[in-house]
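Okay, structure first, notes after.
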Amino acid sequence: MIGSHYPILQVVVPLVAAPLCSLLPKSKLPWLFATVISWLTFAISLALLVQVKNSGALIYELGDWPAPWGIQYYIDTIGAFVLVLVSLIASITLLASRELIEKEIAQEKHALFYTAFLLCYTGLLGIVATGDAFNVFVFLEISSISSYALIAMGENRKALTASYEYLIMGTIGATFILIGIGLLYMQTGTLNMLDLKQRIHEVDGFRSVHAAFAFFTVGICLKLALFPLHHWLPNAYAYAPSAVSIFLAATATKVALYLLYRVFYTIFGFEFSFDTLHLGYILLPLSIIAMVISSFTAIFQLGVKRLLAYSSLGQIGYMTLGIALETKAGLIASIIHLFNHAFIKGALFMCMACLLSRLHSTRITDLAGAAQHMPWTCAAFVTAGLALIGVPLTSGFISKWYLVLAILEKDWWWLAVIVLFTSLLSVVYIWRVIEQMYLREANSHSANIKEASPILLICTWLMVIMTIYFGIDNSYPVNMATHAAEALLK
Amino acid sequence: MSIRRNPVLRESSHLLIPAILLFALYVQFHGDYGPGGGFQAGVIFASAIILYALLHGTRRAEKIIPLKLARTFAALGILIYSFTGILGIILGGNFLNYNVLAHDPIHGQHWGILLIELGVGITVGSVIISIFYAFAKFKK
Numbered sequence: 001m002i003g004s005h006y007p008i009l010q011v012v013v014p015l016v017a018a019p020l021c022s023l024l025p026k027s028k029l030p031w032l033f034a035t036v037i038s039w040l041t042f043a044i045s046l047a048l049l050v051q052v053k054n055s056g057a058l059i060y061e062l063g064d065w066p067a068p069w070g071i072q073y074y075i076d077t078i079g080a081f082v083l084v085l086v087s088l089i090a091s092i093t094l095l096a097s098r099e100l101i102e103k104e105i106a107q108e109k110h111a112l113f114y115t116a117f118l119l120c121y122t123g124l125l126g127i128v129a130t131g132d133a134f135n136v137f138v139f140l141e142i143s144s145i146s147s148y149a150l151i152a153m154g155e156n157r158k159a160l161t162a163s164y165e166y167l168i169m170g171t172i173g174a175t176f177i178l179i180g181i182g183l184l185y186m187q188t189g190t191l192n193m194l195d196l197k198q199r200i201h202e203v204d205g206f207r208s209v210h211a212a213f214a215f216f217t218v219g220i221c222l223k224l225a226l227f228p229l230h231h232w233l234p235n236a237y238a239y240a241p242s243a244v245s246i247f248l249a250a251t252a253t254k255v256a257l258y259l260l261y262r263v264f265y266t267i268f269g270f271e272f273s274f275d276t277l278h279l280g281y282i283l284l285p286l287s288i289i290a291m292v293i294s295s296f297t298a299i300f301q302l303g304v305k306r307l308l309a310y311s312s313l314g315q316i317g318y319m320t321l322g323i324a325l326e327t328k329a330g331l332i333a334s335i336i337h338l339f340n341h342a343f344i345k346g347a348l349f350m351c352m353a354c355l356l357s358r359l360h361s362t363r364i365t366d367l368a369g370a371a372q373h374m375p376w377t378c379a380a381f382v383t384a385g386l387a388l389i390g391v392p393l394t395s396g397f398i399s400k401w402y403l404v405l406a407i408l409e410k411d412w413w414w415l416a417v418i419v420l421f422t423s424l425l426s427v428v429y430i431w432r433v434i435e436q437m438y439l440r441e442a443n444s445h446s447a448n449i450k451e452a453s454p455i456l457l458i459c460t461w462l463m464v465i466m467t468i469y470f471g472i473d474n475s476y477p478v479n480m481a482t483h484a485a486e487a488l489l490k
Numbered sequence: 001m002s003i004r005r006n007p008v009l010r011e012s013s014h015l016l017i018p019a020i021l022l023f024a025l026y027v028q029f030h031g032d033y034g035p036g037g038g039f040q041a042g043v044i045f046a047s048a049i050i051l052y053a054l055l056h057g058t059r060r061a062e063k064i065i066p067l068k069l070a071r072t073f074a075a076l077g078i079l080i081y082s083f084t085g086i087l088g089i090i091l092g093g094n095f096l097n098y099n100v101l102a103h104d105p106i107h108g109q110h111w112g113i114l115l116i117e118l119g120v121g122i123t124v125g126s127v128i129i130s131i132f133y134a135f136a137k138f139k140k
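Protein chains in written order, with my numbering: chain A, 1 to 490; chain B, 1 to 140.
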């Protein structure tokens, strides 16, 4: 009985939890409450995944108003897949975050921090769960506005400028998406995604629909931080509180990518997006530039959080490259990488949180000799780093394997060379960190540094084990991605 | 002369504030028949408090509506909204189905929209007051 309400409960449970959390007293309670809620929503997302697997896409009508008049929640394979990913990462992050938050954020702000975190989480879940174009914008704003607040809570004063920069760019992105939605509504008279899909073909010759497509492309790419619209991302990730860096790095851009799939495959449809308007012509060069330039820039970073942020920009390039190939294999590669990269980057930022909790710095030179005092953290970094590079037996290898296969299917061997070349660049920047950790002498004042706290380490290794597990047994993400790609291309 | 000392402003505000508060309630509860609704009512309500704070200082305004109360009410409004929605599930409909809230759908819709708009009004009013306090009390 209650099972039929899971699509809405997925979003409403954290939404109700957020204001409740703000009323809790100063203590461990807000953390405990937020963590319990996140694991509860993770359980709901798993149940949704099972339901979608058994009975196909789920449709939930809010207030029992039939579509296209009412708002509809629509969860298909890719939706359920991303919901599980986001809720699992939020749950692990929150579980690990108590100690981090206590160190980095003033005590009177704890309840408000977890409130903002839950709201951001609600927004990300909502974007994925909803089947209504305007609802997407509302949830996008919920997640963005709360993430500006979360980033601004960073210890370093630069967090404020980083947050402000993100606010300006994010607002421009959201406004562009809203203009796109408005133009589509003007031409079709509907906001329901499935209904839009039916009606878009009647009006797809109109200039205003082409303009809507352009606004969507730029708006989503801003949220996705695709080159050259990426400028807000490195500072936002580098100066945010560690728990926020972990969560946003692993989920925010992934949800934006999900939105890209939704808009270009479900709403506009493959033929219109790629054959009529040639989205691939734009995405292909931008993805290649993102991969090459971001990887080069990552090599020259002094702070490891910034280094990882630039590496994220390069990895986003791989995901959009899969889309730009305009084939089913490319789309599958893109979805697999979306899944794998979330855990890899989550694990790497988790290591940064461990290091920050003991060394109070993530400057690359301050990590000298860290492996002597924090062997488990550094081992986790090495493993996740290998996954980022794409070494066999890690999930990163599976991503790159499918991506290169998809590229070779099109006979673009030069592109495969570029992908392998950028993987070599990631060897360089990961090696710079590993060299500092393992081969340099520790600073004299770091003699009594201990290993990070057990709960942080367990959560870090949980993500690392995920990357190894999905590197060895990849049947689950590959099957899911294949199903999802087939549904999107239908 | 500062605006706080200006007798014309002070006296006229005493006349205006009750009228503004009353108008806010009118916009709130008449919203389902005429123009208006929770958002507008919340803003109008908050503007009365802000006018009072401008003329009498935030300290006296906070005696009427402390920051903590405003924050609590901001949370309360969202909770009223979402529990109205969840009530729909409990009574056998989908989320936000008002039909099941009363003995017949027309009354149910009426109740539903009143409750939802009340939640919106409370949250919007309290959030605007909190934002005003945050800026007014900001010290370098």
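Every residue gets a Cβ at the ideal spot worked out from N, C-alpha and C, and that includes glycine.
All values reported here derive from a predicted model rather than from experimental measurement.
- Residues of the region 89-101 of chain B whose Cβ lies closer than 8 Å to any Cβ of chain A, in chain order: I89, G93, N94, F95, L96, N97, Y98, N99.
- By the 16-neighbour rule on beta-carbons within 10 angstroms, T327/A is buried.
- The Cβ atoms of M437/A and A384/A lie no closer than 9 Å to each other.
- The beta carbon of P392/A is closer than 7 Å to none in its chain, skipping five residues each way along the sequence.
- Inside the region 359-406 of chain A, DSSP marks whole alpha helix (DSSP H) runs of 4 or more residues at positions 370-373, 375-389, from first to last along the chain.
- Straight across, the Cα-Cα distance linking G471/A with S423/A is about 17 Å.
- Listed as beta-bridge partners of E102/A by DSSP are no residues whatsoever.
- C-alpha of E61/A to C-alpha of L302/A: approximately 50 Å in a straight line.
- The beta carbon of L308/A is closer than 6 Å to those of L348 in its chain, skipping five residues each way along the sequence.
- For the region 70-83 of chain B, the beta-carbon criterion of a distance under 9 Å to any beta-carbon of chain A is satisfied by R71, T72, A74, A75, L76, G77, I78, L79, S82, F83.
- Its chain contains A159, L160, S163 as the residues whose beta carbon lies nearer than 7 Å to that of A152/A, once the 5 sequence neighbours on both sides are disregarded; these appear in chain order.
- Residues of the region 377-409 of chain A with a C-beta atom less than 7 Å from some C-beta of chain B do not occur.
- Among the residues facing chain A, G125/B is not included, as its CB has no counterpart in that chain under 9 Å away.
- The C-beta distance from I142/A to T122/A rounds to 6 Å, short enough to meet the 8 Å contact threshold.
- Distance check between L88/A and each of T35/A, Y237/A, L20/A places T35/A closest, using alpha-carbon atoms only.
- Under the three-state reduction of DSSP output, I59/A falls in the strand class.
- Within chain A, no C-beta atom comes less than 9 Å from the C-beta of G31/B; the nearest is roughly 18 Å away.
- Taking the beta carbon of G121/B as reference, no residue of chain A falls within 8 Å; the closest one sits roughly 15 Å away.
- Using a Cβ-Cβ distance cut-off of 8 Å, the region 344-363 of chain A and the region 456-475 of chain A are in contact, since at least three pairs of beta carbons, one from each stretch, lie closer than that value.
- Between the region 131-139 of chain B and the region 58-75 of chain B there are three or more C-beta pairs closer than 8 Å, enough to call the two in contact.
- Distance check between A243/A and each of C21/A, L257/A, A116/A, A290/A places A116/A closest, using alpha-carbon atoms only.
- Within 9 Å of the CB of G63/A, the CB atoms of chain B belong to G85, G88, G93, N94, F95, L96, N97, Y98, N99, G112, in sequence order along the chain.
- Residue range 72-75 is occupied by the beta strand (DSSP E) that includes Q72/A.
- DSSP, read as helix, strand or coil, puts G280/A in helix.
- Taking a C-beta cut-off of 9 Å against chain B, the contacting residues of the region 22-45 of chain A are S22, L23, listed in chain order.
- The C-alpha of K109/A is placed about 13 Å away from the C-alpha of L29/A.
- Here the C-alpha atom of Y81/B lies approximately 28 Å from the C-alpha atom of I179/A.
- DSSP places T327/A in the coil class of the three-state scheme, outside both helix and strand.
- Per DSSP, reduced to three states, the secondary structure at N54/A is helical.
- Secondary structure of N340/A (DSSP, three-state): helix.
- Inter-segment contact for the region 187-196 of chain A and the region 126-136 of chain A is present: three or more beta-carbon pairs are separated by less than 8 Å.
- Nearest in C-alpha terms to R10/B, of all of A53/B, R71/B, K63/B, is A53/B.
- Taking the Cα positions, L420/A is about 15 Å away from S311/A.
- Any Cβ of chain B closer than 9 Å to the Cβ of V138/A would place that residue at the interface, and such an atom is absent.
- Chain-order list of chain B residues neighbouring V128/A: empty, with the shortest C-beta distance near 17 Å, by a criterion of under 7 Å.
- For the region 228-297 of chain A, the full-length alpha helix (DSSP H) segments reaching 4 residues or more read 232-239, 242-261 along the chain.
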